[in-house]
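Novice:
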Amino acid sequence: MALFSCHHPQAGVCVQLLAGSGISITKCLPNAEGSPTPGPSPGKMGKYRIRVATGDSLLAGSSNVVQLWLVGEHGEKDLAKILRPIRTGQVQLEVEVSLCLERLLLVKLRKHKSLVGFDWFCKWIAVQGPGTQGEAFFPCYRWVQGNEIICLPEGTARTVRDDPQNQFKKHREQELEERRKVYRWGFWKEGLILPIAGNSQWDLPRNERFLEDKDLDFSLSLAKVLKDLALKGTLDLTNSVRRLEDFSKVFPRGKTPLAERVCNSWKDDALFGYQFLNGANPMLLRRSTSLPSQLVLPPEMGDLKTQLEKELQTGSLFEADFSLLDGVKPNVIIFKQQNVAAPLVMLKLQPDGRLLPMVIQLQPPQNGCPPPVLFLPSDPPMAWLLAKTWVRSSDFQLHQLQSHLLRGHLIAEVISVATMRSLPSLHPIYKLLIPHFRYTMEINVLARSNLVSEWGISDLVVSTGSGGHVDILQRATAGLTYRSFCPPDDLADRGLLDVKSSLYGQDALRLWEAISRYVEKMVSLFYKSDGAVKDDPELQAWCREITETGLQGAQDRGFPISLESRAQLCHFITTCIFTCTGQHASTHHGQLDWYSWIPNGPCTMRKPPPISKDVTEKDIVDALPGLHEARTQKTFIKFLGRRQPVMVALGQHKENYFSDPGPQAVLKQFQEELAALDKEIEVRNAGLDLPYEYLRPSMVENSVTI
Ligand SMILES: [Fe+2]
0 MALFSCHHPQ AGVCVQLLAG SGISITKCLP NAEGSPTPGP SPGKMGKYRI RVATGDSLLA
60 GSSNVVQLWL VGEHGEKDLA KILRPIRTGQ VQLEVEVSLC LERLLLVKLR KHKSLVGFDW
120 FCKWIAVQGP GTQGEAFFPC YRWVQGNEII CLPEGTARTV RDDPQNQFKK HREQELEERR
180 KVYRWGFWKE GLILPIAGNS QWDLPRNERF LEDKDLDFSL SLAKVLKDLA LKGTLDLTNS
240 VRRLEDFSKV FPRGKTPLAE RVCNSWKDDA LFGYQFLNGA NPMLLRRSTS LPSQLVLPPE
300 MGDLKTQLEK ELQTGSLFEA DFSLLDGVKP NVIIFKQQNV AAPLVMLKLQ PDGRLLPMVI
360 QLQPPQNGCP PPVLFLPSDP PMAWLLAKTW VRSSDFQLHQ LQSHLLRGHL IAEVISVATM
420 RSLPSLHPIY KLLIPHFRYT MEINVLARSN LVSEWGISDL VVSTGSGGHV DILQRATAGL
480 TYRSFCPPDD LADRGLLDVK SSLYGQDALR LWEAISRYVE KMVSLFYKSD GAVKDDPELQ
540 AWCREITETG LQGAQDRGFP ISLESRAQLC HFITTCIFTC TGQHASTHHG QLDWYSWIPN
600 GPCTMRKPPP ISKDVTEKDI VDALPGLHEA RTQKTFIKFL GRRQPVMVAL GQHKENYFSD
660 PGPQAVLKQF QEELAALDKE IEVRNAGLDL PYEYLRPSMV ENSVTI
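Letter 337 of the sequence shown, counting from 1, is numbered 336 in numbering that gives the first Met the number 0, and no numbers are missing.
Below is the structure:
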């Protein structure tokens, strides 16, 4: 591209505008202020080369003109309307400024609409000034809308302490004031943690909306599955399931190898037990420390009691307790009463690593009622299978609501909203965390308005829909502990640390440790002492905003309301990143594998839990979802559980919020460590009968986006 120069005698600024198309435009613009801005070296001409990067998507450019200002330590210069960022990619401008700005602090920009306003996605601006200083980098990565002035601070991360001359004080205060107007806490249901305000995706801040590639993929694939559902769903009205094999009518054609395995082996006790360790919901299982008080063992089951006590003594007795579901009001689907149970499963860990069920109690004991029936592996096969199917349906409920929606999606949203409200874009922890919030608010708004809303999918086909789901979320919220979000603590508390066949546990620990090392290196760049952490008012306000406001007073469950040391800060940030990445991945990815075969994860149960062992195949079929519910489940599991074509893997974000080289080097080390871990898991999996893929770093998304 050619460069032009211009020296107009009346011009405050001489501008060369070089479009990315290769077409060069030269303009001479009057000084917008009318007179030279006072500065220490008035009249000294300086040449500034400005590079501007527009986003990569088709709609990122804007035909509107953009006014730029350079703000330096010694003054501010209005460069007037020198930019028209029509195309994606970079453009370069060169300007002569008749004063010495010295070190650049900010670039300000304002988009002027002509007849129509077109939003512009600005990635960054880089400015090379006169003299020996290098190119200053101003990260943006957001939409420029309306005609408000946007200030981009130079990308070196700074806490308040790092700005002793208060050069950025006003900017960070104003930025937070503006953000708090845009990112407002909303309210969804009583007793739950807080969401972002807004009832639909249209209410969200523009920067939280899907970009067009994600939007297009989401909308088109949803339209396709809904069309298929409408077409095939009508046939279901005249069709029915008579045998268990008939569920193959709604078994997806493009199934995963593991889903195929589930279809063939779902009746096996070993696969049933395996799911508590490494299935869609690895969050429920815990090692027993005593025989559960709600387990009622009648005198005639003395042998079972002896076996359970023996396993307990050797530390190989485990339990999966679904008592959170006790008393939850079941849904009514198309005028038919559905059913919910609250099972308790006792399992033993074999020396070969297999986890095998020993006994299932489908309901807790109730005063004035006969003791609940206990189902055993030695029972008639159909009775035992029906009991296990009830457990699978109960697991579907707790998995989707407690482990996936609440502990993955909704918590990530709290962290995200609190960060936007509390940390200015200059703050190192903002820069560290922001890539882990991409698309979380929009996917959660979509979930609240379509999946768990009134008349949403949950109400239409799930046994805990129409209110029971809110009850479960409220109960689960009351039990959210800080320790349960930190795998080293959670796995220790659940007695799973030394269980080699807990592949989830092994991988969660390794991923946690990799994230923890990354965070420690980042934090040590910006906080040289515990005092620096304690004295960071923005950081302290951020922590309080998460625990007290977003989580609605979770300090009594161990969440911090202040950060007293670097170690405490690292632990908190690692928890935030792991929650937005590994925690969600471990409970999201399994859906397609484990729930495509409906009997292994039924969304509803149409008959009450059995009270006798006289069970036929027809009894199981009658209890499982009807074809309509089954097809809807399959459709949405396929839609939500499919590998996302538009995804950023953990640590692979391309946005560069830090202009300093230190954090960039730390991110690179993190990426190398993740690549090595990915390879290790791949090699490990190659030797396994059932590979565990959900926490492979290349499979884990960088944020909650689906
Ligand atoms: Fe998800």
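C-beta atoms are modelled at their ideal positions from N, C-alpha and C, and glycine is treated no differently.
Taking just the CA atoms, how far does Q293 sit from G686?
Specialist: The alpha-carbon atoms of G686 and Q293 are separated by roughly 40 Å.
Novice: For the beta strand (DSSP E) holding F120, just list the boundary residues, first then last.
Specialist: Its beta strand (DSSP E) spans residues 119–127.
Novice: Quick check: the stretch 278–286 against the stretch 389–403, are at least 3 beta-carbon pairs closer than 8 Å?
Specialist: At 8 Å Cβ cutoff, the stretches touch.
Novice: Which residues bound the beta strand (DSSP E) around C139?
Specialist: Its beta strand (DSSP E) spans residues 135–143.
Novice: With a threshold of 7 Å, establish whether the CB of H652 neighbours any heavy atom of ligand 1.
Specialist: No, the Cβ of H652 stays beyond 7 Å of every heavy atom of ligand 1.
Novice: Name the two residues that bound the continuous alpha helix (DSSP H) containing P486.
Specialist: It spans 486–492 - the alpha helix (DSSP H) in which P486 sits, taken as one unbroken run.
Novice: What are the partner residues of I332, as DSSP defines its beta bridges?
Specialist: Partner(s): K335.
Novice: Whole angstroms is fine: what's the gap from E318's alpha carbon to M345's?
Specialist: Going from the Cα of E318 to the Cα of M345 covers about 5 Å.
Novice: Comparing the CB of H426 with every heavy atom of ligand 1, is any distance shorter than 7 Å?
Specialist: H426 Cβ: outside cutoff for every heavy atom of ligand 1.
Novice: Fully enclosed by the stretch 548–605, which beta strand (DSSP E) runs are 3 residues long or longer?
Specialist: Whole beta strand (DSSP E) segments, 3+ residues: zero.
Novice: Any C-beta of chain B sitting closer than 8 Å to the C-beta of Q173?
Specialist: Looking at the structure shown, chain B is missing, and only one protein chain is on hand.
Novice: With DSSP collapsed to three states, give me the class of D85.
Specialist: Note that residue 85 is Ile in the sequence shown, not Asp. In the structure shown, I85 sits in coil (DSSP, three-state: anything other than H, G, I, E or B).
Novice: Cβ atoms of R420 and E544: under 8 Å apart, would you say?
Specialist: Going by C-beta atoms, E544 is nearer than 8 Å to R420.
Novice: Taking Cβ positions, are F271 and W596 nearer each other than 8 Å?
Specialist: Cβ atoms of F271 and W596: not closer than 8 Å.
Novice: Checking 8 Å against the spacing of the C-beta atoms, do G581 and L510 come in under that value?
Specialist: A contact, by the Cβ cut-off of 8 Å.
Novice: Can you tell me where the beta strand (DSSP E) holding P152 begins and where it ends?
Specialist: Per DSSP, P152 belongs to the beta strand (DSSP E) from 149–152.
Novice: Spatial neighbours of K520 within its chain, please: CB distance less than 6 Å, with the 5 preceding and 5 following residues excluded, ordered by chain position.
Specialist: Closer than 6 Å at Cβ, skipping near neighbours: V665.
Novice: Shortest alpha-carbon distance to L626 belongs to which of E93, V90, F250, W68?
Specialist: L626 has its Cα closest to that of F250, out of E93, V90, F250, W68.
Novice: Could you check which residue in L108, E547, Q539 has the C-alpha nearest to that of W720?
Specialist: Nothing about residue 720 can be read from this structure; the chain reaches only from 0 to 705.
Novice: Looking at V703 and ligand 1, is the gap between the Cβ and the nearest heavy atom below 7 Å?
Specialist: Yes, the beta carbon of V703 sits closer than 7 Å to at least one heavy atom of ligand 1.
Novice: Where does A340 sit, in a helix, a strand or coil, going by DSSP?
Specialist: Residue state, collapsed to three classes: coil.
Novice: So is E692 buried or exposed if we call it buried at 16+ other beta carbons inside 10 Å?
Specialist: With 16 or more other Cβ atoms within 10 Å, it is buried.
Novice: Looking at E707: is its Cβ nearer than 8 Å to the Cβ of I195?
Specialist: No statement about residue 707 is possible, as the shown extent of the chain runs from 0 to 705 and does not include it.
Novice: Around the Cβ of S199, are there at least 16 other Cβ atoms within 10 angstroms (buried) or fewer (exposed)?
Specialist: Exposed: under 16 other Cβ atoms inside 10 Å.
Novice: Can R583 be considered in contact with ligand 1, in the sense that its beta carbon sits closer than 7 Å to one or more heavy atoms?
Specialist: Note on residue identity: the sequence assigns His, not Arg, to residue 583. Yes; taking the cut-off as 7 Å, the Cβ of H583 has a heavy atom of ligand 1 nearer than that.
Novice: Indicate, with yes or no, if ligand 1 has a heavy atom lying under 7 Å from the CB of H111.
Specialist: H111 Cβ: outside cutoff for every heavy atom of ligand 1.
Novice: Starting from Q66, trace the alpha helix (DSSP H) in both directions and tell me its first and last residue.
Specialist: Not the alpha helix (DSSP H): Q66 falls in the beta strand (DSSP E), residues 64–71.
Novice: Tell me whether H408 counts as near ligand 1, meaning its Cβ is closer than 7 Å to at least one heavy atom of that ligand.
Specialist: Within the cutoff, so yes.
Novice: Using only CA atoms, which one of S415, I442, F525, G557 lies nearest to C485?
Specialist: C485 has its Cα closest to that of G557, out of S415, I442, F525, G557.
Novice: Hey, how far is the Cα of F669 from the Cα of G232?
Specialist: If I take the Cα positions, the gap works out to 47 Å.
Novice: Is it right to say Q632 is buried, meaning 16 or more other beta carbons lie within 10 angstroms of its own, or is it exposed?
Specialist: Q632 is buried by the Cβ-count criterion.
Novice: Would you please state the rounded distance, in angstroms, between the beta carbons of E563 and K533? I believe it to be under 8 Å.
Specialist: Correct: roughly 6 Å between the Cβ atoms.
Novice: Where does T305 land, buried or exposed, given buried means 16+ other C-beta within 10 angstroms?
Specialist: By the neighbour-count rule (16 or more Cβ atoms within 10 Å), T305 is not buried but exposed.
Novice: Taking 7 Å as the cut-off, is the CB of H403 close to at least one heavy atom of ligand 1?
Specialist: Under cutoff, so the answer is yes.
Novice: Using a 10 Å radius around the Cβ and a threshold of 16 neighbouring Cβ atoms, would you call C368 buried or exposed?
Specialist: Under this definition C368 is an exposed residue.
Novice: Given the structure, does H587 come close to ligand 1, in the sense that its CB is under 7 Å from one of the ligand's heavy atoms?
Specialist: Under cutoff, so the answer is yes.
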